[in-house]
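Residue numbers (the numbering used here): 1 to 90.
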């Protein structure tokens, strides 16, 4: 599964201008119901078991073809922000 994520990330890097605002070591995900909000998150999240679960859900729901240019996460925005905060805690 992680190799497929890296394939998506590599695809992002090959499309010039559209992804210039994503710093090295980060990637883009889209989260929310209906209107999607864009988050730029560190690659280190790929090592988090809860984030890996979200990626599995994303694969089941959307596959790995994401027309918005980042991975679409099937999660409520508030829940994702709370999860994001828990990853940042020591």
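Think of the CB as a built atom: it goes at the ideal place given N, C-alpha and C, for glycine as much as any other residue.
The closest CA to that of residue 76, considering only 24, 44, 38, 22, is found on 38. Straight through space, the alpha carbons of residue 43 and residue 26 are spaced by roughly 5 Å.
Straight across, the Cα-Cα distance linking residue 33 with residue 72 is about 10 Å. At the C-beta level, residue 49 and residue 61 stay beyond 8 Å of one another. DSSP places residue 81 in the uninterrupted alpha helix (DSSP H) bounded by 77 to 88. Approximately 13 Å separates the beta-carbon atoms of residue 80 and residue 40; this is outside 8 Å, ruling out the contact. If you look at residue 49, you'll find it isn't in any beta strand (DSSP E); it sits in the alpha helix (DSSP H) that goes 49 to 62.
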